[in-house]
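Engineer: After the structure tokens below, expect a handful of questions from me.
Protein chains in written order, with full-length UniProt numbering: chain L, 1 to 209; chain D, 1 to 209.
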């Protein structure tokens with residue numbers, strides 16, 4: 001069902017999504033009932049079923065849209081530059097910016113893969129694979145061109161994604177650092193991890209030699 | 001209650017722990033009932049309450065023992081060497097080795113902080129803080145001595161722990177890599193991330209210059 005915000009139905013559907021993400025992030029998918037969700041939104045359970053035929057369909061929709069939004073977001077943020085370091089920087093900044101404002105949704109997406117049926121799980125894993133592939137491609141091209149030093153492109157991509165997604169576990173907007181500052185610190189760590197920092201600094205060192 | 005494996009009571013208690021970790025990892029704490037857990041272990045619900053007065057006490061015990069075991073484990077693995085790079089290497093190897101064989105327990109420990117009462121949460125966070133402090137200390141001393149290049153010791157410690165704990169999400173013993181190979185790859189990434197790789201390599205580069 002399309003998200004037609006503005007109409008009453010659109011507003012109800014958006015309220016269902018938001019309440020579902022918050023409840024599932026707090027209690028876990030298995031512990032949340034459609035009845036409880038309806039009460040949270042302030043509608044009859046029957047109204048819920050008009051938007052989502054069953055609880056797993058609701059979970060699948062939330063997780064699918066999370067990944068589709070992330071892919072769309074990266075598609076728009078992707079820089080025109082072919083430089084692997086510029087592309088990696090854009091990837092890290094965009095990933096952190098996207099996830100810190102979707103803390104609960106990210107939490108649900110990472111936690112509740114266990115609760116999906118096999119077909120739905122395959123679908124979500126394909127979307128995740130597509131996103132990870134973007135990073136693997138940046139890393140591989142950078143490794144080939146000498147912009148990065150990487151031993152295992154697959155493991156490095158997973159390690160970077162887990163490291164930068166980890167921001168949502170501890171980051172709160174009222175922390176000592178802004179999102180931008182956190183993103184820059186994580187970017188520096190990513191650049192070191194991929195050897196980019198070292199490679200970038202070498203010409204500077206040589207200029208003084 | 002002490003873990004007296006060998007006695008009937010000890011065996012029952014160990015079976016409760018194991019079943020609880022598996023059920024909570026699969027369904028989430030809120031969705032698992034003491035009745036369901038008793039059925040899984042094959043005892044009456046009343047027998048469960050002899051070991052754990054209530055469900056949160058059981059969760060707290062599982063999470064507390066996970067952290068106490070980790071701290072004890074690191075205490076034994078901690079190298080005599082004062083060299084920050086050797087200590088960081090030991091920390092990373094030990095962390096990965098400890099967690100890959102406790103995948104469900106790690107999952108529960110990371111996920112179910114949300115389900116602890118305030119006092120129990122404080123207790124667990126203190127234990128976690130104590131463990132993270134070990135890493136922060138290694139990083140700080142290495143940064144001071146010039147063995148590492150680190151911008152923010154606190155963020156770097158969190159980033160490393162999240163990156164290396166992330167192994168449990170995808171690693172299975174039948175993967176293309178052994179635990180030891182995975183640990184070495186993650187160690188190389190950690191050494192790059194902290195600038196240790198670069199610093200370690202410099203004398204080599206200079207020798208050829």
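All residues carry an ideal CB built from backbone N, CA and C; glycine is no exception.
On a predicted model such as this, the values are computed, not experimentally measured, just so you know.
Assuming residue 84 of chain L contacts residue 141 of chain L (C-beta within less than 8 Å), just tell me the rounded distance between them.
Structural biologist: Looking up residue 84 of chain L in the first chain gives position 84. Looking up residue 141 of chain L in the first chain gives position 141. Right, the Cβ-Cβ distance comes to about 5 Å (below 8 Å), so this counts as a contact.
Engineer: Check whether the segment 112-128 of chain L touches the segment 144-157 of chain L, taking contact to mean three or more Cβ pairs, one atom from each stretch, closer than 8 Å.
Structural biologist: Too few Cβ pairs lie closer than 8 Å, so no.
Engineer: So what's residue 7 of chain D in DSSP terms, helix, strand or just coil?
Structural biologist: Working through the second chain from its first residue, we reach residue 7 of chain D at position 7. In this structure, residue 7 of chain D counts as strand in the three-state DSSP scheme.
Engineer: When you compare the CB of residue 188 of chain D with every CB in chain L, is at least one pair closer than 7 Å?
Structural biologist: Indexing the second chain from 1 puts residue 188 of chain D at position 188. Output row for residue 188 of chain D: interface = yes.
Engineer: Is there at least one Cβ from chain L nearer than 7 Å to residue 98 of chain D's Cβ?
Structural biologist: On the second chain, position 98 is the one that residue 98 of chain D refers to. Judged by the 7 Å Cβ criterion, residue 98 of chain D is not in contact with chain L.
Engineer: Could you name the residues of chain D that residue 34 of chain L contacts, counting a contact when the two beta carbons are closer than 9 Å?
Structural biologist: The residue labelled residue 34 of chain L in the question sits at position 34 within the first chain. Simply none; closest approach about 14 Å.
Engineer: At a cut-off of 6 Å, is residue 184 of chain D close to the ligand FMN when judged by its beta-carbon and the heavy atoms of the ligand?
Structural biologist: This structure lacks the ligand FMN; in fact it carries no ligand of any kind.
Engineer: For the alpha helix (DSSP H) containing residue 56 of chain L, name the first residue and the last one.
Structural biologist: Within the first chain, numbered from 1, the residue matching residue 56 of chain L stands at position 56. It spans 55-77 - the alpha helix (DSSP H) in which residue 56 of chain L sits, taken as one unbroken run.
Engineer: With 7 Å set as the bound, which would you pick, yes or no: does the beta-carbon of residue 146 of chain L sit closer than that to a beta-carbon of chain D?
Structural biologist: Position 146 of the first chain holds residue 146 of chain L. So no, residue 146 of chain L is outside the interface.
Engineer: Run through DSSP, which three-state label would residue 13 of chain L get?
Structural biologist: In the first chain, the residue the question calls residue 13 of chain L occupies position 13. Three-state DSSP puts residue 13 of chain L in a helix.
Engineer: Does DSSP put residue 175 of chain L in a helix, a strand or coil?
Structural biologist: What you label residue 175 of chain L is simply residue 175 of the first chain in a count that begins at 1. The answer is coil: DSSP assigns residue 175 of chain L none of H, G, I, E or B.
Engineer: Between which residues of its own chain and residue 15 of chain L is the CB-CB distance below 7 Å, once the five residues before and five after are set aside?
Structural biologist: Walking along the first chain from the start, residue 15 of chain L turns up at place 15. Answer for residue 15 of chain L: 41, listed in chain order.
Engineer: Quick one: is residue 163 of chain L near chain D, going by C-beta distance under 7 Å?
Structural biologist: Counting from 1 along the first chain, the entry for residue 163 of chain L is found at position 163. Closer than 7 Å to some Cβ of chain D, the Cβ of residue 163 of chain L qualifies, so yes.
Engineer: Would you say residue 60 of chain D lies against chain L (beta-carbon separation less than 7 Å)?
Structural biologist: Taking the second chain and counting its residues from 1, the one referred to as residue 60 of chain D is at position 60. Output row for residue 60 of chain D: interface = no.
Engineer: Please report the distance separating the alpha-carbon of residue 154 of chain D from that of residue 8 of chain D.
Structural biologist: For the purposes of this step, residue 154 of chain D is taken as the residue at position 154 of the second chain. For the purposes of this step, residue 8 of chain D is taken as the residue at position 8 of the second chain. Computed Cα separation, rounded: 45 Å.
Engineer: Buried or exposed: residue 178 of chain D, going by 16 or more other Cβ atoms within 10 Å of its Cβ?
Structural biologist: Here residue 178 of chain D corresponds to residue number 178 of the second chain, with the count starting at 1. By the 10 Å Cβ count, residue 178 of chain D comes out exposed.
Engineer: So is residue 185 of chain L in contact with chain D if we call contact Cβ pairs under 7 Å?
Structural biologist: If you number the first chain from 1, residue 185 of chain L lands on position 185. Yes, because at least one Cβ of chain D sits closer than 7 Å to the Cβ of residue 185 of chain L.
Engineer: Which ranges does the alpha helix (DSSP H) cover as unbroken runs of at least 4 residues, wholly within the segment 77-146 of chain L, from first to last along the chain?
Structural biologist: As far as the segment 77-146 of chain L is concerned, its whole alpha helix (DSSP H) runs of at least 4 residues are 84-100, 103-111 and 118-145.
Engineer: Which residues in chain D sit within 8 Å of residue 152 of chain L, going by Cβ to Cβ distance?
Structural biologist: Taking the first chain and counting its residues from 1, one reaches residue 152 of chain L at position 152. Neighbours of residue 152 of chain L on chain D, chain order: 185.
Engineer: Considering only the alpha carbon of each residue, which of D:197, D:65 and D:31 lies closest to residue 151 of chain L?
Structural biologist: As a position in the first chain, residue 151 of chain L is number 151, starting the count at 1. It is D:197.
Engineer: Of all the residues that make up the segment 63-96 of chain L, which are near chain D by a beta-carbon distance shorter than 9 Å?
Structural biologist: So nothing in the stretch comes that close.
Engineer: Between residue 31 of chain D and chain L, is the shortest Cβ-Cβ distance under 7 Å, so that the two count as touching?
Structural biologist: Along the second chain, read from residue 1 onward, the residue named residue 31 of chain D stands at position 31. True, the Cβ-Cβ gap to chain L drops below 7 Å.
Engineer: So residue 192 of chain L and residue 192 of chain D are supposed to be a Cβ contact under 8 Å. How far apart are they, rounded?
Structural biologist: Residue 192 of chain L sits at position 192 when you count from the first residue of the first chain. Residue 192 of chain D sits at position 192 when you count from the first residue of the second chain. Right, the Cβ-Cβ distance comes to about 6 Å (below 8 Å), so this counts as a contact.
Engineer: Does the distance from the CB of residue 30 of chain D to the CB of residue 31 of chain L come in under 7 Å?
Structural biologist: If you number the second chain from 1, residue 30 of chain D lands on position 30. If you number the first chain from 1, residue 31 of chain L lands on position 31. Closer than 7 Å, so yes.
Engineer: Compare the C-beta of residue 207 of chain L against all C-beta atoms of chain D and say whether one is closer than 7 Å.
Structural biologist: Stepping through the first chain from its first residue, residue 207 of chain L is reached at position 207. Any reading at residue 207 of chain L is ruled out, since the residue's pLDDT is 41, under 50, leaving its predicted position unreliable.
Engineer: Which whole-angstrom value is the C-beta distance of residue 77 of chain D and residue 89 of chain D, which I expect to be below 8 Å?
Structural biologist: Counting from 1 along the second chain, the entry for residue 77 of chain D is found at position 77. Counting from 1 along the second chain, the entry for residue 89 of chain D is found at position 89. The Cβ separation is near 11 Å, so there is no contact.
Engineer: Contact criterion: CB-CB distance below 7 Å. Does residue 200 of chain L meet it with respect to chain D?
Structural biologist: One-based indexing of the first chain puts residue 200 of chain L at position 200. Not an interface residue.
Engineer: Around the Cβ of residue 109 of chain D, are there at least 16 other Cβ atoms within 10 angstroms (buried) or fewer (exposed)?
Structural biologist: In the second chain, the residue the question calls residue 109 of chain D occupies position 109. The residue in question, residue 109 of chain D, is buried, as its Cβ has 16 or more Cβ neighbours within 10 Å.
Engineer: Could you tell me the alpha carbon to alpha carbon distance between residue 127 of chain L and residue 11 of chain D, rounded to whole angstroms?
Structural biologist: Taking the first residue of the first chain as position 1, residue 127 of chain L is located at position 127. Taking the first residue of the second chain as position 1, residue 11 of chain D is located at position 11. Whole-angstrom Cα-Cα distance: 44 Å.
Engineer: Cβ atoms of residue 164 of chain D and residue 95 of chain D: under 7 Å apart, would you say?
Structural biologist: Reading the second chain from its first residue, position 95 is the one you call residue 95 of chain D. Reading the second chain from its first residue, position 164 is the one you call residue 164 of chain D. Yes.
Engineer: For residue 52 of chain D, return the contacting residues in chain L, with the cut-off set at a CB-CB distance below 8 Å.
Structural biologist: Within the second chain, the letter at position 52 stands for residue 52 of chain D. By Cβ distance, chain L contributes nothing, its closest Cβ being about 19 Å from residue 52 of chain D, past 8 Å.
Engineer: Give the residues of chain L in contact with residue 219 of chain D, contact being defined as C-beta atoms less than 7 Å apart.
Structural biologist: Residue numbering for chain D in the displayed model covers 1 to 209; residue 219 of chain D lies beyond these limits and cannot be assessed.
Engineer: Quick one: Cα of residue 171 of chain D to Cα of residue 44 of chain L, how far?
Structural biologist: Position 171 of the second chain, counting from 1, holds the residue named residue 171 of chain D. Position 44 of the first chain, counting from 1, holds the residue named residue 44 of chain L. For residue 171 of chain D and residue 44 of chain L, the distance between alpha carbons rounds to 43 Å.
Engineer: Do residue 71 of chain D and residue 98 of chain D have their beta-carbon atoms positioned less than 7 Å apart in this structure?
Structural biologist: Stepping through the second chain from its first residue, residue 98 of chain D is reached at position 98. Stepping through the second chain from its first residue, residue 71 of chain D is reached at position 71. No, they are not a contact pair.
Engineer: Pick from D:24, D:17 and D:18: whose alpha carbon is nearest that of residue 112 of chain L?
Structural biologist: Working through the first chain from its first residue, we reach residue 112 of chain L at position 112. Taking only the C-alpha atoms, the option nearest residue 112 of chain L is D:24.
Engineer: With a threshold of 8 Å on Cβ separation, who are the neighbours of residue 56 of chain D within its own chain once the five nearest residues in sequence on each side are excluded?
Structural biologist: Position 56 of the second chain, counting from 1, holds the residue named residue 56 of chain D. Cβ within range, chain order: 115, 116, 117 and 120.
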